[in-house]
Amino acid sequence: NPKEIPNLWFREDGKPIFSFPKFTDLKKMPLWNFSRHENVDARLKEYLKAQNSGLDPWLVPPLTIFSFRGCIKAINEGACGYCTSCENKGRALPPKKLWEQISHLNKTYGAEIFYMCDDIFPVTAHRIKAIAEAKPDNVKARIRAYGYLPDMAKLSQFQLKEMTKDLKKIGIFNLFFGAEHYDQAVLAKMNKKGITVKETARIIK
């Protein structure tokens, strides 16, 4: 029975349903690696070969990590109409622990290119600054991440510039976001706020 499996999102009669929470305290979560995986060397071979060959990081299949569990958009505005995994309880990995995890993967495998799987990485400008300031000098990280345009549209041009500096220090080389749509009727059905084309261009610039 899906309802007996913790932390599971599934659909019933077309509606997304969450079974029940059983969450780990991220502050207490131990550092992880792939030591329990079968054929670790073979499975990481393609990744390391691509990374160490100096190829464009776009061509490297990244290792995935999380810095934040849950979706701030879902917490603040409700889930998107098409979503099946909107964990609406936010849990943040402490910035120091995030860098300890990345450093651990640096040292264990030589891994440097990552995909931040957070629903939204820059949840606030304050958190991004905290992560940037906590980064040790010897950690190597090139990271792809996802942003949320309506949240970023709330920032002034100065605030956006400051966030850009922090994202660069963290190692973000690709911050991508879906504008979803610019038609208010479609956005309403998706339960998305949306922003204007002009604001989209301002954020990208």
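Counting from 1, position 164 in the sequence shown corresponds to residue 719 in the numbering used here; the numbering is continuous, with no gaps. For each residue, glycine too, the CB sits at the ideal point set by N, CA and C.
Whose CA, out of the options, lies closest to the CA of residue i?
i, options, result
"Y737", "T755, P576, S622", "T755"
"D706", "D673, G749, T619, I727", "G749"
"G702", "T579, F732, A597", "F732"
"M671", "R699, D692, E655, P691", "R699"
"F565", "Y637, I683, A685", "Y637"
"A605", "P617, D596, V595, N594", "P617"
Is it buried or exposed for residue i, if we count other Cβ within 10 angstroms and need 16 for buried?
i, result
"I572", "exposed"
"S622", "buried"
"V615", "buried"
"V678", "buried"
"G625", "buried"
"D673", "buried"
"E601", "exposed"
"E667", "buried"
"L653", "buried"
"I683", "buried"
"I691", "Per the sequence shown, residue 691 should be read as Pro rather than Ile. So P691 counts as exposed."
"I560", "exposed"
"F676", "buried"
"L586", "exposed"
"P557", "exposed"
"A501", "Beyond the ends of the chain as shown, which are 556 and 760, falls residue 501; an answer cannot be given."
"A634", "buried"
"M584", "exposed"
Closer than 6 Å by C-beta to residue i: which residues in its own chain qualify, once you throw out the five before and the five after it? Chain order, please.
i, result
"S658", "V694"
"E526", "With the chain represented from 556 up to 760, any question about residue 526 goes unanswered, as that position is not in the structure."
"N643", "A629, I630"
"K720", "none"
"T619", "Y670, C672"
"I686", "P650, I725"
For residue i, name the three-state secondary structure that DSSP assigns.
i, result
"N729", "strand"
"P705", "helix"
"W587", "coil"
"Y637", "coil"
"G581", "First, the amino acid is wrong: residue 581 is Leu here, not Gly. Here L581 sits in coil by DSSP."
"Y737", "coil"
"P571", "strand"
"I620", "strand"
"A666", "coil"
"A680", "helix"
"I698", "strand"
Using a Cβ-Cβ cutoff of less than 8 Å, which residues in the same chain neighbour residue i once the five nearest sequence positions on both sides are dropped?
i, result
"S608", "none"
"D611", "none"
Less than 7 Å between C-beta atoms, sequence neighbours within five positions excluded: which residues of the same chain meet that for residue i?
i, result
"L704", "F732, A734, I750, T755, I758"
"G665", "L603"
"V752", "Y737"
"R598", "H592"
If you measure from the beta carbon of residue i to each beta carbon in chain C, is any gap under 8 Å?
i, result
"H681", "Protein chains in the displayed structure number just one, and chain C is not present."
Checklist entry - Three or more C-beta pairs closer than 8 Å, one from the stretch 722 to 730 and one from the stretch 641 to 651: is that the case here? => result Flag = no, the stretch 722 to 730 and the stretch 641 to 651 do not touch.
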